[in-house]
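Asker:
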Amino acid sequence: MRELNVVISGFDQYEGVDVNPAVEVPKALAEQGLGAAGGPDDPFDQVTVDIHAVSLPVSFAKAWPTLLESIEAVHPNIVIATGLKHAARSVMLERCATNLMDAAKPDADNVIPRREPIDPDGPAAYWTRLPLRSILKDFAADSIPASLSSDAGTFVCNSLFYNLLNWMSAQDRVLGGFVSFPLIGPAHSSQHGLPLDQQIAAGRDVVREAVRYYLKPSSSDILIA
């Protein structure tokens, strides 16, 4: 049976956020896995997926080195970074990482970069390597509110996303991308947020579709614009 390794990262607790889905979703997926295979025709019937969770500091200087340390220890086939978007009403699939740090508030190290490149010699942007179209189809089938996001902003989430894709550009075959979760909230609420169990289900869909795409790539699965 084939084995695939997945690293899924989140961030440490945010100030003023009691329960951070970017902490809880990776932890739940690492503990619970993807569930049972769907039968003899399901590709998961022939593959074992090991999920490794890592929590990162909300730091421009430390987030990527911490994730890279985990990557080098695990040698994953797939890397999924996650973060929290306070104003989001749904799960956000990030399409693009831009080569820009422009913070309006300090990170965990009290650093506030203003209009600085992440990599002065790097490209202006990278596109995600996740199959967004098939992920959205799974979300729709599971009644998970979701939308595409043009980019992950200019704070630590984007910096991590850019560094991850920059690293991936030099790898033979590693998939990855970034998913932003909303605050945890009650079901069918008019306020921002989604229940934690729904966000865990969303994370599971992302991993499953990334694995499917890794095993059998198809251009029809890709949607970045």
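Residue numbering for the sequence shown is 501 to 725, as defined by my numbering.
Glycine residues also receive a C-beta, built at the ideal position from the N, C-alpha and C atoms.
In this text, all values refer to a predicted model and were calculated from it rather than measured experimentally.
Taking the beta carbon of residue 520 as the centre, do at least 16 other beta carbons fall within 10 Å, making it buried, or is it exposed?
Answerer: Indexing the sequence shown from 1 puts residue 520 at position 20. Burial call: buried.
Asker: To the nearest angstrom, how far is it from the Cα of residue 695 to the Cα of residue 636?
Answerer: Here residue 695 is taken as the residue at index 195 of the sequence shown, counted from 1. Here residue 636 is taken as the residue at index 136 of the sequence shown, counted from 1. Rounded to whole angstroms, residue 695 to residue 636 spans 18 Å at the Cα level.
Asker: Excluding five sequence neighbours on each side, which residues of the same chain lie with their C-beta closer than 8 Å to the C-beta of residue 571?
Answerer: Here the question's residue 571 lines up with position 71 in the sequence shown. Correct list, in chain order: 507, 579 and 667.
Asker: How should residue 615 be labelled, buried or exposed, when 16 other C-beta atoms within 10 angstroms of its C-beta is the threshold for buried?
Answerer: For this step, residue 615 is matched to residue 115 along the sequence shown. So residue 615 ends up on the exposed side.
Asker: Only counting the same chain, and skipping five residues up and downstream in sequence, which positions put a Cβ closer than 7 Å to that of residue 528?
Answerer: As a first step, residue 528 must be located in the sequence shown, where it is residue number 28. The answer, listed in chain order, is 700.
Asker: Taking the beta carbon of residue 706 as the centre, do at least 16 other beta carbons fall within 10 Å, making it buried, or is it exposed?
Answerer: In the sequence shown, the residue the question calls residue 706 occupies position 206. Counting Cβ neighbours within 10 Å, residue 706 comes out buried, since at least 16 surround it.
Asker: Between which two residues does the alpha helix (DSSP H) holding residue 714 run?
Answerer: Working through the sequence shown from its first residue, we reach residue 714 at position 214. Where residue 714 is concerned, the enclosing alpha helix (DSSP H) stretches over 696–715.
Asker: For residue 684, count neighbouring Cβ atoms within 10 angstroms of its own Cβ and tell me buried if that reaches 16, exposed if not.
Answerer: Reading the sequence shown from its first residue, position 184 is the one you call residue 684. Buried: at least 16 other Cβ atoms inside 10 Å.
Asker: Can you give the Cα-Cα distance for residue 535 and residue 621, rounded to whole angstroms?
Answerer: Start at 1 with the first residue of the sequence shown, and residue 535 comes out as number 35. Start at 1 with the first residue of the sequence shown, and residue 621 comes out as number 121. Their backbone Cα atoms lie some 43 Å apart in a straight line.
Asker: Could you check whether residue 552 and residue 574 sit closer than 8 Å to each other, using their CB atoms as the reference points?
Answerer: As a first step, residue 574 is located in the sequence shown; it is residue number 74 there, counting from the start. As a first step, residue 552 is located in the sequence shown; it is residue number 52 there, counting from the start. Contact flag set, yes.
Asker: For residue 606 and residue 560, what's the separation of their Cα atoms in angstroms?
Answerer: Residue mapping note: residue 606 aligns to position 106 of the sequence shown, counting from 1. Residue mapping note: residue 560 aligns to position 60 of the sequence shown, counting from 1. Taking the straight line joining both Cα atoms gives about 10 Å.
Asker: Could you name the residues of the same chain whose beta carbon sits closer than 6 Å to that of residue 485, not counting the 5 residues immediately before and after it, in chain order?
Answerer: Not covered by the structure: residue 485. The range shown for the chain is 501 to 725.
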